[in-house]
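Undergrad: My structure is below; once you've seen it, I'll send some questions.
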Amino acid sequence: MNRKEKILAFIALAIACFLTVLDSTIVNVSLPTMAKYFNTNITGISWVSTAYLIPFSALLINFSKIADIFGRKKLLLIGLVVFGTASICCGLSTSLPMIICFRIVQGIGAAILTPLAIPLGIELFGKSAMGKLAIAIGMIISISAASGPVIGGILNETFGFKAIFYINIPFILIALVLGTRYVKECYDNTIEKKVDFIGAFFITFGLAALTFSLVKGNDYGWASTTIVTLIASAVISIIAFLIFESKIKSPMIEFNLFKTKSYTSSIILIGIIFFGLMPVSYLMNFYLENQLGYAVIKAGLILGITSAVAFFLSPIFSILSKKTSPKVVSFIAVTFVSLGNLIFYFMNSTNNMNIIYTALILLGIGVGATTPLYQSAFEEVSQDKNGMASGLLNSLRQLTACIAIALVATLSTHFSSIAATNTKNQIIDKVNGNAVIEEQVKDTIVAKIKASNTDGNSASSTGFSKEAVNKLMQQKEKTVLSSVPLGMKSAVMAKFSAQEKEIYKIIDEAKIIKTDESNKVYSKCFLIIGIIAAFGLIIVPFNVTEDKGRDDIEDKSKVTA
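With the sequence shown counted from 1, adding 107 to any position gets you our numbering.
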């Protein structure tokens with residue numbers, strides 16, 4: 108194959124890789140619009156995301172093995188057809204159950220396609236080009252994950268939510284044509300040509316149950332029978348898988364891969380980076396759209412800062428990694444992703460946008476520095492084992508992303524409940540402490556605030572508004588005026604007017620209280636994510652290849668001599 112044909116083949120792989128990761132995040136910004144279209148609530152529409160994530164996470168390892176046995180090019184073409192057909196059907200769906208079913212199929216297509224880019228790319232360009240190839244794939248994955256909200260926001264606002272599915276079709280067709288003509292077939296020639304069905308069942312069920320529990324644990328309740336049973340089943344199934352695989356001749360997973368220090372440390376670090384990235388994409392949508400009232404497209408463009416920074420810095424970090432070591436860029440990646448989360452702790456009503464912009468830039472630097480980790484992950488992995496290695500990496504990345512979203516969903520619900528209670532208490536204190544408002548009026552307002560329905564998802568739900576106060580004061584004023592002499596009516600009206608003005612002042616202050624308490628919800632969530640992500644620094648020293656390690660030892664010996 109000449110260089111032009113190789114590039115055309117790689118375009119097919121890049122499209123497949125980009126779309127599968129993109130569709131994990133592109134849907135999120137359109138969920139409110141989809142909820143209205145399908146006449147459901149946010150819990151119901153969240154299944155559109157869940158239905159994609161479960162098969163995507165659960166089947167990656169299985170399809171990596173199947174591709175190794177039966178041919179990676181065959182699986183690429185099958186995956187493109189499955190993914191593309193499901194995308195069309197998602198756009199044509201007229202009911203919630205329909206789109207959920209087709210999202211499951213789309214997730215299966217994504218699980219087929221995602222682990223194929225690196226092994227097929229190495230087959231095209233050779234092992235010598237593995238470094239540049241891994242960096243290119245890493246850059247595509249990182250940018251596609253970060254750009255989902257941007258692309259989703261633009262498509263949703265301009266053409267409607269169905270466009271986020273239809274946009275896949277022309278690219279899938281291009282990838283099919285180029286893949287059929289230019290991609291070379293390859294296998295893992297070191298393994299037996301048979302499928303381990305028992306191992307496949309255990310790992311699929313275990314990962315599916317675990318993913319479902321993580322994604323839906325907050326909705327069902329972590330102590331609910333459903334979630335506890337699923338988590339226990341997942342643990343048992345994964346343990347059974349490990350025991351069974353350790354006793355058979357040709358295990359589904361090449362456990363020897365984990366003995367390669369550079370591979371193991373790199374995939375853990377990539378997982379940690381995505382753990383730190385996904386909560387920002389998830390929570391900031393709610394903050395920008397619900398808290399600040401931004402349109403979907405504006406929120407998406409703001410979140411796109413991360414992908415833009417990552418795009419421009421990825422090549423620089425690739426050069427830096429070559430001139431120094433993977434440890435340097437690993438340190439930068441973990442540090443900046445952690446800082447990007449931690450800085451949200453200082454967010455308040457006056458500096459919120461400055462903090463958001465700064466955080467997204469820091470995250471972009473961290474994501475850009477992640478790109479060379481895809482090179483260090485595969486640098487010491489044999490060419491035959493690249494398929495399974497890719498499957499394990501992507502499976503871990505998906506799992507850590509699910510864990511992160513599950514954690515922030517639970518934390519945000521918990522902190523929102525606290526914020527709502529604090530908001531009510533502070534408003535009640537202001538009402539009770541006011542010297543102008545009569546006790547009877549205070550009691551009525553306080554009772555309404557206490558009785559207001561707070562669902563735990565919003566710190567602003569207090570049942571205390573100017574419209575409600577105006578209606579209340581008019582009713583009380585009318586009642587009092589009906590029982591006082593004509594000469595006292597003007598004084599009574601003036602008194603009620605003064606009270607109403609005081610209450611309006613408290614309402615204006617309440618808005619500030621609500622906003623501050625809501626900001627604390629996001630600040631606390633990101634603080635915890637940032638602290639957890641920072642523990643990834645422990646892994647950084649292990650991210651070194653054996654050759655590099657030997658070079659370092661030789662250099663030290665020369666200095667000593």
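Heads up, the beta-carbon is just placed ideally off N, CA and C, and yes, glycines get one too. All of these numbers come straight from a predicted model, not from anything done at the bench.
1. Determine the extent of the alpha helix (DSSP H) in which residue 213 is found, giving its start and end residues.
2. Ignore the nearest five residues each way along the sequence and tell me which others in residue 345's own chain have a CB closer than 8 Å to its CB.
3. By Cβ distance below 6 Å, which residues in the same chain neighbour residue 565 in space, the five residues on each side in sequence not counted?
4. What residue from 265, 261, 260 and 221 has the CA that sits closest to residue 244's CA?
5. Kindly indicate which three-state DSSP category residue 562 falls into: helix, strand or coil?
6. Take the Cβ of residue 331 as the centre, count every other Cβ of all protein chains shown within 10 Å, and call the residue buried at 16 or more, exposed below.
7. Mapping the DSSP letters down to three states, classify residue 293 as helix, strand or coil.
8. Residue 226 and residue 497 look like a contact to me (Cβ under 8 Å); what is the Cβ gap, rounded to whole Å?
9. Would you kindly check if the distance between the Cβ of residue 304 and the Cβ of residue 217 is under 8 Å?
10. Taking 8 Å as the cut-off, decide whether the C-beta atoms of residue 290 and residue 116 are in contact.
11. Tell me the rounded alpha-carbon separation between residue 375 and residue 549.
12. Identify whether residue 326 lies in helix, strand or coil by the three-state DSSP scheme.
13. If we ignore side chains and look at the alpha-carbon of each, how far apart do residue 428 and residue 479 end up?
14. On the CB-based measure, 16 or more other CB atoms within 10 Å of its CB, does residue 108 come out buried or exposed?
15. Between the Cα of residue 301 and those of 135, 425 and 176, spot the shortest distance and give me the residue it belongs to.
16. Is the Cβ-Cβ distance between residue 271 and residue 128 less than 8 Å?
17. Tell me whether the beta-carbon of residue 253 lies closer than 8 Å to the beta-carbon of residue 186.
18. If you draw a straight line from the alpha carbon of residue 575 to that of residue 436, how long is it in whole angstroms?
19. Closer than 8 Å is the cut-off here; do at least three beta carbon pairs connect the stretch 467-486 with the stretch 637-654?
20. In chain order, what residues of the same chain have a beta carbon less than 6 Å from the beta carbon of residue 340, not counting five sequence neighbours either side?
21. In angstroms, rounded to a whole number, what distance separates the CA positions of residue 112 and residue 490?
22. Give me, in chain order, the residues of the same chain whose beta-carbon lies closer than 6 Å to that of residue 631; leave out the 5 immediate sequence neighbours on both sides.
23. What span of residues does the alpha helix (DSSP H) with residue 496 cover, start to end?
24. Below 8 Å, how does it come out for the stretch 449-464 and the stretch 184-201: are there three or more Cβ pairs, yes or no?
25. Between residue 286 and residue 295, what straight-line distance do the alpha-carbon atoms span, to the nearest angstrom?
26. With 16 as the cutoff for other CB atoms within 10 Å, does residue 389 come out buried or exposed?
27. In chain order, what residues of the same chain have a beta carbon less than 6 Å from the beta carbon of residue 120, not counting five sequence neighbours either side?
28. Considering only C-alpha positions, which residue in the set 356, 138 and 648 is nearest to residue 441?
29. Buried or exposed: which applies to residue 595, given that a residue is buried once 16 or more other Cβ atoms fall within 10 Å of its Cβ?
30. Which residue comes first and which comes last in the alpha helix (DSSP H) that contains residue 443?
31. Residue 360: which of 334, 413 and 172 sits nearest, CA to CA?
32. Quick check on residue 318: does DSSP put it in helix, strand or coil?
33. Check for me: the alpha helix (DSSP H) holding residue 226 runs from which residue to which?
34. By how many angstroms is the C-alpha of residue 276 removed from the C-alpha of residue 669?
35. Return the residue from the list 599, 392 and 165 that minimises the CA-CA distance to residue 499.
36. Thinking C-beta only, is residue 264 closer than 8 Å to residue 404?
TA: Inspection of the coordinates gives the following:
1. 203-220
2. 309, 310, 313, 314 and 317
3. With a pLDDT of 40 at residue 565, under the threshold of 50, the modelled position of that residue is not reliable, and the figure given next carries that caveat. If we look at residue 565 and ignore the five residues flanking it on each side, it has no Cβ neighbours.
4. 221
5. At residue 562, the pLDDT of 46 sits below 50, so the modelled position is not reliable and the matter cannot be decided from this model.
6. Exposed, since its Cβ has fewer than 16 Cβ neighbours within 10 Å.
7. coil
8. 6 Å
9. no
10. yes
11. 57 Å
12. Of the three classes helix, strand and coil, the one that applies to residue 326 here is helix, per DSSP.
13. 7 Å
14. exposed
15. 176
16. no
17. No, Cβ-Cβ distance for residue 253 and residue 186 is not below 8 Å.
18. 56 Å
19. The answer is yes - the stretch 637-654 touches the stretch 467-486, with three or more Cβ pairs under 8 Å.
20. 316
21. 21 Å
22. 522
23. 493-539
24. Contact fails: fewer than three Cβ-Cβ distances are below 8 Å.
25. 19 Å
26. Residue 389 is buried by the Cβ-count criterion.
27. 224, 227 and 228
28. Out of 356, 138 and 648, 648 has the C-alpha closest to the C-alpha of residue 441.
29. exposed
30. 433-449
31. 172
32. helix
33. 224-232
34. Given a span of 108 to 668 for the chain in the structure shown, any question on residue 669 remains unanswerable.
35. Residue 499 has its Cα closest to that of 165, out of 599, 392 and 165.
36. yes
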